[in-house]
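Protein chains in written order, with my numbering: chain A, 23 to 53; chain B, 285 to 702.
A quick write-up on the structure given underneath.
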C-alpha cells in the first residue's frame, strides 16, 4: 500500500468528510 | 521559456530549510469553533520540547518511520493472513526502544480529559482508532511523559466500562485484539509492530476539545501498562474510521468532519478542527476509498505525479495494484517502486546543477546545499481520482538532515503490489 505521508501534507489544509466519503485538499492551509 | 521554467520551480533561501529555535505561530483557524493548535512533537512550539535529550536524529526518525510503515503492513496482513507477502516477524522484531509505531515525526494537540479537565498532549493519528492515555496508578508500567499522568480518581465524571457492555466488544476491530476482563471491567490492549503497546481499562470520561466543545462519555483507553517512548506525549488521539475513533464517537456533533493543517516547520503551528467551521472555499475533493484489508484506514486513489510541470509517464495500474492511504503519522510518502523510480529520475534530471550527497536511510536522492544561499527545485504535484491536483508545498518536497544533506522526501515500496 502506498502512503501519502505527513511531510507532503505540510501547509495543506486536509479535510476529512467521513460522512460523505470524500477527502479535500487546499493549498496554503496554515496561513 | 524562462518564465515557464520559473513557474514550475520553487526558489527558497537555504537557511529556511532548517527550523528556527523560536516558535512562530502561524495558524489561522484558531478563532473558529473546535479548533486546536497543532505543533510538531519536538519543535519549540511544543510543551514536550523541554525533553531535548530524547529528540531523535533525522536518521532515527526515518528508522521509526519504517517501523510505522511495517506496522501498517503487518496490520493489513493480520486481518487477511496470506493476502500479502509481509513477513510479520520482520515487524515484530523491531526494537521498542526506537520508539513506537507512532514514530517520531509526529504532531500533537492538547486536549482536556476529565472533570475538572486535565490537559494532555496527544499525538494525533489518522492511522489508528482508539484514543488512549497513560493512567494512574500505572499498575504495571508507564513511560516518561511531560504532562502529569491522568488520574481517574480525581475526575468526577470518570467511569470504567463493564465487560458485558456492547462497546467492550467493539475493541476487537479498533485494536485488533479481543478485549479482556478484570474485576468486571473491560480491558483493552493495543500492540504495535515494534512490540510497543498500551494495555489498561476501557473507560469513559468528559473530553474537552475547546471550552465550548465538550464531549461527555468519550470512550478511551486508560493505560496501566504502556511501553514505547512516544516522545513524551501522554498518549494517542485516534482519528481513524473505526466506530471507536474520535470522529465516529462525535459523529452526531461533527458529522465525521475534521480538517487539519500541518505546519511548514517544527517552529511553526498548524491546527486541527472538528466540524466544518475550518473548511476553505478553495478546497478540492477526491473520493475516499476503502482498503479492503483495513477499513479503518483512509484510502485514496493516486492517479499520477508531475515534476516541474510535466506529468510522469506512469501506467494507472502501477497505482491501483496496491492502493494507497493518507496517514498523518507516516513521515515519508511511500510509492510503488515504478512510480518512485520515475519521480526520482525526473527530479534528479532537473536538479543536475546541484551536487548530490550521501543517501540518508531510506532516502536515496540527497543534495549538498552548503555552498548556496538559495536554491531552486522543481514543483511536484500529486493527482488523485476526480482529476484533483494537489501541489506539494516547497517544505513538503525535502526531508532535511542538515544543509549538506537535504533529501527528496519520498521513498519506494519494495514491490508495486505492496
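Every residue, glycine too, gets a C-beta built ideally from N, C-alpha and C.
Nearest-angstrom beta carbon gap, residue j and residue i [assumed within contact, 8 Å]
i              : j              : result
residue 558(B) : residue 294(B) : Not confirmed; about 32 Å, so no contact.
residue 507(B) : residue 417(B) : 6 Å
residue 706(B) : residue 571(B) : In the structure as shown, chain B starts at 285 and stops at 702, and residue 706(B) therefore has no counterpart that could be examined.
residue 403(B) : residue 616(B) : At roughly 31 Å, the Cβ-Cβ gap does not stay under 8 Å, so residue 403(B) and residue 616(B) are not in contact.
residue 687(B) : residue 302(B) : 7 Å
residue 614(B) : residue 357(B) : About 11 Å; that fails the 8 Å criterion.
residue 652(B) : residue 689(B) : 7 Å
residue 329(B) : residue 658(B) : Not really, about 26 Å apart at Cβ, beyond 8 Å.
residue 564(B) : residue 35(A)  : 5 Å
residue 663(B) : residue 593(B) : 7 Å
residue 53(A)  : residue 518(B) : About 29 Å separates the two Cβ atoms, so there is no contact after all.
residue 556(B) : residue 544(B) : 4 Å
Beta-carbon contacts of residue i that lie in its chain and below 7 Å, excluding the five residues immediately before and after
i              : result
residue 516(B) : 332, 335, 338, 428, 429, 430
residue 611(B) : 410, 411
residue 439(B) : 398, 399, 489
residue 298(B) : 653, 656, 657, 658, 659, 687
residue 459(B) : 414, 472, 473, 474
residue 643(B) : 650
residue 522(B) : 409, 412, 413, 414, 415, 529, 530
residue 292(B) : 592, 593, 662, 663
residue 426(B) : 418, 433, 510
residue 468(B) : 446, 447
residue 546(B) : 322, 391, 554
residue 492(B) : 395, 396, 401, 498
Contact check, residue i vs residue j, beta carbons under 7 Å
i              : j              : result
residue 705(B) : residue 699(B) : The question about residue 705(B) has no answer, for chain B in this structure spans 285 to 702.
residue 29(A)  : residue 693(B) : yes
residue 510(B) : residue 529(B) : no
residue 569(B) : residue 51(A)  : no
residue 434(B) : residue 447(B) : no
residue 581(B) : residue 38(A)  : no
residue 499(B) : residue 534(B) : yes
residue 485(B) : residue 588(B) : no
residue 630(B) : residue 596(B) : yes
residue 540(B) : residue 41(A)  : yes
residue 325(B) : residue 392(B) : yes
residue 675(B) : residue 49(A)  : yes
residue 318(B) : residue 494(B) : yes
residue 33(A)  : residue 599(B) : no
residue 601(B) : residue 585(B) : no
residue 697(B) : residue 620(B) : yes
Where residue i meets chain A, residues with beta-carbon distance less than 9 Å
i              : result
residue 541(B) : 37, 38, 39, 40, 41, 42
residue 613(B) : 27, 28
residue 616(B) : 25, 27, 28, 29, 30
residue 582(B) : 38, 40, 45
residue 683(B) : 29
residue 609(B) : 23, 24, 25, 26
residue 570(B) : 44, 45, 46, 47
Cross-chain neighbours of residue i in chain A, by beta carbon under 8 Å
i              : result
residue 548(B) : 32, 33, 52
residue 545(B) : 33, 34, 35, 36, 51, 52
residue 310(B) : 52, 53
residue 360(B) : 23
residue 525(B) : 40
Sequence-distant residues of the same chain with beta carbon closer than 6 Å to residue i, five excluded per side
i              : result
residue 548(B) : 679
residue 346(B) : 645, 646
residue 457(B) : 526
residue 276(B) : Since the first residue of chain B shown is 285 and the last is 702, residue 276(B) is not available in this structure.
residue 538(B) : 558, 559
residue 695(B) : 616, 618, 646
residue 441(B) : 399, 489, 490
residue 682(B) : 690, 693
residue 550(B) : 303, 324, 327
Counterpart residues of residue i in DSSP-defined beta bridges
i              : result
residue 542(B) : 38(A), 558(B)
residue 321(B) : 555(B)
residue 640(B) : 651(B)
residue 586(B) : 668(B)
residue 331(B) : Residue 331(B) is not bridged to any residue.
residue 309(B) : According to DSSP, which records beta bridges pairwise, residue 309(B) is partnered with nothing at all.
residue 444(B) : 487(B)
Contact set between residue i and chain A, taken where Cβ atoms lie within less than 7 Å
i              : result
residue 421(B) : Neighbours of residue 421(B) on chain A: none; closest Cβ ~34 Å, over 7 Å.
residue 593(B) : In chain order: nothing, as chain A lies at least about 16 Å away.
residue 293(B) : Those do not exist, as residue 293(B) stays about 16 Å from chain A at its closest Cβ, beyond 7 Å.
residue 619(B) : 24
residue 675(B) : 49
residue 266(B) : There is no way to answer for residue 266(B), as the model of chain B reaches only from 285 to 702.
residue 331(B) : Correct list: empty, because the minimum Cβ distance to chain A is about 20 Å.
residue 554(B) : 52
Close Cβ partners of residue i (< 8 Å) along its chain, the five nearest in sequence each way excluded
i              : result
residue 575(B) : 360, 581, 583, 607, 609
residue 684(B) : 301, 302, 342, 690, 691
residue 394(B) : 320, 321, 331, 403, 404, 405, 406
residue 43(A)  : none
Closer than 9 Å at the beta carbon, the chain D residues around residue i
i              : result
residue 575(B) : The chain labelled as chain D is not found among the protein chains of the depicted structure, namely A and B.
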